[in-house]
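These notes are about the structure you will find just below.
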Amino acid sequence: MLVAGAGFMAQSAHAAVPTFTTQLNLIDSSSPFGNDIWGKNTHFVDHFVFNVNAAGDLDAGFYANQGRVDGAKITAFNLLNALGNIVVSGTGAGGGWNISSLAIGSGDYTLEVIGDVTGNLHGSYAGTLNVSAVPEPETYGMLLAGLGLVGFAARRKAKKAA
125 MLVAGAGFMA
135 QSAHAAVPTF
145 TTQLNLIDSS
155 SPFGNDIWGK
165 NTHFVDHFVF
175 NVNAAGDLDA
185 GFYANQGRVD
195 GAKITAFNLL
205 NALGNIVVSG
215 TGAGGGWNIS
225 SLAIGSGDYT
235 LEVIGDVTGN
245 LHGSYAGTLN
255 VSAVPEPETY
265 GMLLAGLGLV
275 GFAARRKAKK
285 AA
């Protein structure tokens with residue numbers, strides 16, 4: 125029983141228990157996210173769940189020019205897959221974290237923000253999630269075929285004119 129319990133604990137050791145979870149709705153491939161956490165010295169793990177219908181290029185984060193961090197120290201910023209495994213960890217420190225230009229497939233994902241309140245009463249942060257479409261390989265094939273046909277037609281026309 126002790127061995128089974130240790131195995132279970134080892135599997136869940138990397139997954140932080142969320143203290144706040146909300147669903148993000150991507151409007152025009154974008155959504156704001158953030159939270160206001162009350163209580164000095166409060167540790168938080170926030171999960172922002174979203175769905176991507178087609179393969180895309182993900183950019184997410186909070187920056188001085190795009191969002192804010194006030195009275196909170198962010199210690200981790202992760203993208204999790206539907207199983208709760210880390211796909212990528214964001215880069216940054218304190219108030220400026222980001223995940224940029226990451227190709228992702230369709231499916232359910234979670235932005236995970238982990239940190240501590242450092243303000244006297246509360247801490248807050250806000251950022252933006254963007255997912256832009258990435259062309260499918262078939263699109264490139266069709267583009268090349270179309271360019272080939274245009275080139276063939278132009279060559280044929282040039283031969284007729286000569």
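Taking my numbering, the leading residue of the sequence shown gets 125, the next gets one more, and so forth.
We treat Cβ as the ideally placed atom computed from N, Cα and C, and that holds for glycine.
All values derive from a computational prediction rather than experimental measurement.
Residue i (DSSP reduced to helix, strand or coil)
i, result
"Gly272", "helix"
"Lys283", "helix"
"Met133", "With a pLDDT of 43 at Met133, under the threshold of 50, the modelled position of this residue cannot be trusted; read the value that follows with caution. Residue state, collapsed to three classes: helix."
"Ala179", "coil"
"Ala206", "coil"
Exposure of residue i, with buried meaning 16 or more beta-carbon neighbours within 10 Å
i, result
"Thr146", "exposed"
"Gly251", "buried"
"Ile151", "exposed"
"Val241", "buried"
"Thr234", "buried"
"Phe172", "buried"
"Ser213", "exposed"
"Phe168", "buried"
"Leu253", "buried"
"Ser155", "buried"
"Gly229", "exposed"
Inter-residue CB distance, residue i and residue j (contact presumed, cutoff 8 Å)
i, j, result
"Ala277", "Gly239", "Actually they are not in contact, since the Cβ atoms of Ala277 and Gly239 sit about 60 Å apart, beyond 8 Å."
"Ser248", "Ser153", "No, Ser248 and Ser153 are not in contact; Cβ-Cβ is about 25 Å, not under 8 Å."
"Val193", "Leu204", "21 Å between Cβ atoms; not a contact."
For residue i, the first and last residue of its enclosing beta strand (DSSP E)
i, result
"Val141", "Careful: Val141 lies outside any beta strand (DSSP E) and carries neither H nor E."
"Asn159", "154-162"
"Ser225", "220-228"
"Leu235", "231-241"
"Thr252", "246-257"
"Thr215", "215-217"
Any chain B beta carbon closer than 7 Å to residue i
i, result
"Trp162", "Considering every chain present, this structure includes no chain B. It has just one protein chain."
Taking 8 Å as the cut-off, does the region 170-189 touch the region 220-229 (at least 3 CB pairs, one atom from each stretch)?
yes
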